[in-house]
Every structure is written in C-alpha cells, then in structure tokens.
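Since the structure comes first, as structure tokens, the remarks are kept for the end.
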Amino acid sequence: MKQVIDFVKANLEKEKQPAHALGFGKYFTDHMFMMDYNEEQGWHEPRILPYQPLTMEPSSMVFHYGQAIFEGLKAYRTPEGKIQLFRPDKNIERLNFSCQRMSIPTLDEALVLDAITQLVTIEKDWVPSEEGTSLYIRPFIIATEPYLGVRPSKRYKFMIILSPVGSYYGGDQLKPVKIHVEENYVRAVKGGVGHVKTSGNYAASLKAQEEAEAQGYDQVLWLDAKENKYVEEVGSMNIFFKINGEVVTPELNGSILGGITRSSCLQLLDYWNFPVSERRISIEEVFEAYYRGELEEAFGAGTAAVISPVGELSWNNQKITLPPSETETIAKRLYDAITNIQLGKEPDPFQWTVEV
Ligand code: COI
C-alpha cells in the first residue's frame, strides 16, 4: 500500500542562483523530506516540509558515535523540460546496504523512491538546465536517540535535502584534476566500513585531503590499508586507468565503495566491447605503465564528480603528468554517453533514467 506523504508548503521561496555561481552543495531548495523511526512505530510519519534547521538533543547518538549514512544522486532537466533521475533504484539499494552494515533499520525502497520523486516534483523549478548542472539529491539517516551508551540507537531521522549544483571541482566538468597518492594515512580496511556510505569514512579522510590540498592537489588516491600498495579509490570517486588499450579499475574488495557511476562506466564499456577489467592493480604497476608509455589515461567516476580526467598523479616523490589527448579519450566518451543519457539527449538502452 502506498504511504501518504504529508506536505507543508514553505511560505517563502528562496532566490535561485545563476548556473555559474552554483558550485557544489552550497545552496538548498525550499523543502525537505523527513521521516522518523522508533521501536514502537518503525519508520513513520513521512512528510515534506519547509527546509529548516533541526532541533536535536545534544545527547543524540549521532553526535557521539557517528551512526550516520548518506547517499547522493541527481535529477536532470531534459531539453524538452522533463525531469529525470539517474538510477535511483541503485542508490536506494545501497542506502539499505549501508543501513545493514551500520545497524540502522532498513527502509521500504518503494517509499524512498516515492519520497524522492515527490520532493523533486515539488522543487521542479530548482532543477537547473544549463550545461553541466543538475539537482543533487542527498538522502541521509542519523541516530537521534538521546543516550551515551555505545549500542545502536533506537531512534533515527531519515531526511532528503536538495541542492542545485554545477561542477564538483569548479570550472569545466572535464578539467583534469591533480591527485596525490596517499602514503601515510589509510581510508578503510577489509571488514571495516569502507564499502558503505557512512559519514565517518569522509571525516577520516579529511586530514589527508587537507594536506594534499596544501600541496596543490585536488584529491587523494587511497591505497589498500594492509600493504599500502594496491589502488583503492579517490576521495569522492572511483578510479579508472587506461593501460595499453584496456580500461582497468580496482575490483570491489570490501573496502572500496561500489559507485553507481563506476558500474555505469563498466556497463557502457562492456556494451561497446571495449576491453575492460576489474582487478587488483598496484600503484607501482600504474607508474611503470606510465614510464613504458602505456598509461594512456586515468580518470575518476562518481555522482558528484561525474567523469573527471586525472591530469597529474604524485606518488613516492614522483610526479607524472598525463597530457590532454589530441584525440577522443575514453573518459570523454564515457562522460558524453553518461551525461547524454542523464539529460535525455540520447536513447537510454539500459533503462537507467526514471522520469519524475
Ligand atoms: C557523490 O558522488 O554523490 C558522493 O557522495 C561523493 C561526495 C561528494 C562525498
């Protein structure tokens, strides 16, 4: 049975920013979705209400033990003015996967899709139409029980907020990024939580990110925590290399986040019969391929970042520069294919898009 989602309309409409000022995650729309959980009622009272501050007890468990998860997906405006979501089923599936690992009660997936669809419909005027823009959708869950013992919370809030966005790294979407391979800090260990979208993973990455930025890099590339040898992922995206005509990306090993853009790239490459493999790849192999002249491209893939070519990679006191290719790159081909499907400019052979 379809649950009714209550709606309280905001009195005021915020001013919308021009596309060039959007950046990433700075502005929020007029409404948000909220739903609560307690032991007696389960998940209850789904509602859409004006975007507003939360009032929470300082003892809420999320503030102390970080029991929190989130997702990120986008809504796009097509040239005909329709609005569509990209693979929302995959984000909702991953949200529940994260719930399970973080001892949070799972959600009814149909209700979550309904909540996203209704919220985006109410906020349809916030979906930007300019090249490289979209409406970023951020579902998240926090533990709200006021209690200081260490155990799973017995109360939660599930919320969805929306943010009109441009490019994640600023400037042109395909501007190459500079990546520093992290050698001191680690992101995730097998058996840990690196493969789920929990907030603490990002908190733990900030120190390395801050140090890399101070040296002029955009992001860090994480290596495996055991041997400090195998490539895992970049701060906000999965990583791909093109070596000697083949695209290689680290296989999902329990400490890497299974990105939805990552899986879309793999599906497209397969569809094009482009040589591709998901396997363990060491950073040494990447650098050796470069010195042999076989590292043709490196790029990241993520919802926020879309496809980001890597222009520079530093590791072990070596800095390599990947010059922009004269010819069409696979990163550009994937970027065009994915964004054209997202924007409804090309047919969607995989039924990835969902109209709201
Ligand atoms: C996303 O790509 O949606 C992410 O969640 C990455 C991020 C901005 C933390």
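If you use the numbering used here, the sequence shown corresponds to residues 17 to 372, in order. Ideal Cβ positions, reconstructed from N, Cα and C, are used throughout, including at glycine.
If you draw a straight line from the Cα of leucine 273 to the Cα of histidine 211, it is about 4 Å long. Secondary structure at phenylalanine 257: strand, using DSSP grouped into helix, strand and coil. In the three-state scheme derived from DSSP, where H, G and I count as helix and E and B as strand, glutamine 334 is classed as strand.
Contact check for phenylalanine 86 against arginine 154 passes: the beta carbons are separated by less than 9 Å. The criterion of a C-beta distance shorter than 9 Å is not satisfied by tyrosine 218 and valine 181. No Cβ-Cβ contact shorter than 9 Å links glycine 318 with serine 215. In this structure, DSSP gives lysine 194 an extended state, which the three-state scheme calls strand. Threonine 277 carries a helical assignment under DSSP once its states are collapsed to helix, strand and coil. Around the beta carbon of glycine 186, fewer than 16 other beta carbons sit within 10 angstroms, so the residue counts as exposed. Of the candidates Met51, Phe174, Tyr163 and Thr94, Thr94 places its Cα closest to the Cα of aspartate 364. For asparagine 54, the beta-bridge partners assigned by DSSP are Gly58.
Apart from the 5 residues on each side of it in sequence, tyrosine 43 sits with its Cβ closer than 7 Å to the Cβ of Gln33, Ser179 and Pro180 in its chain, given in chain order. For threonine 345, same chain residues with a beta-carbon under 6 Å away, outside a window of 5 residues either side, are Glu313 in chain order. For tyrosine 246, DSSP records a beta bridge to Ser298.
Here DSSP, grouped into helix, strand and coil, assigns glutamine 83 to coil. Here the alpha carbons of isoleucine 132 and alanine 126 stand approximately 10 Å from one another. Inter-residue distance for valine 78 and glutamine 116 is about 16 Å (C-alpha atoms, whole angstroms). In this structure, histidine 47 sits near glutamate 139, with a CB-CB distance shorter than 9 Å. Within the stretch 57 to 132, the complete alpha helix (DSSP H) runs of at least 4 residues fall at 77 to 81 and 104 to 117. Taking the CA atoms as reference points, serine 221 sits about 13 Å from histidine 196. If the five residues before and after serine 75 are omitted, its C-beta is found closer than 7 Å to the C-beta atoms of Pro162, Tyr163 and Leu164, all from its own chain and listed in chain order. Bounds of the beta strand (DSSP E) holding lysine 173 are 172 to 181.
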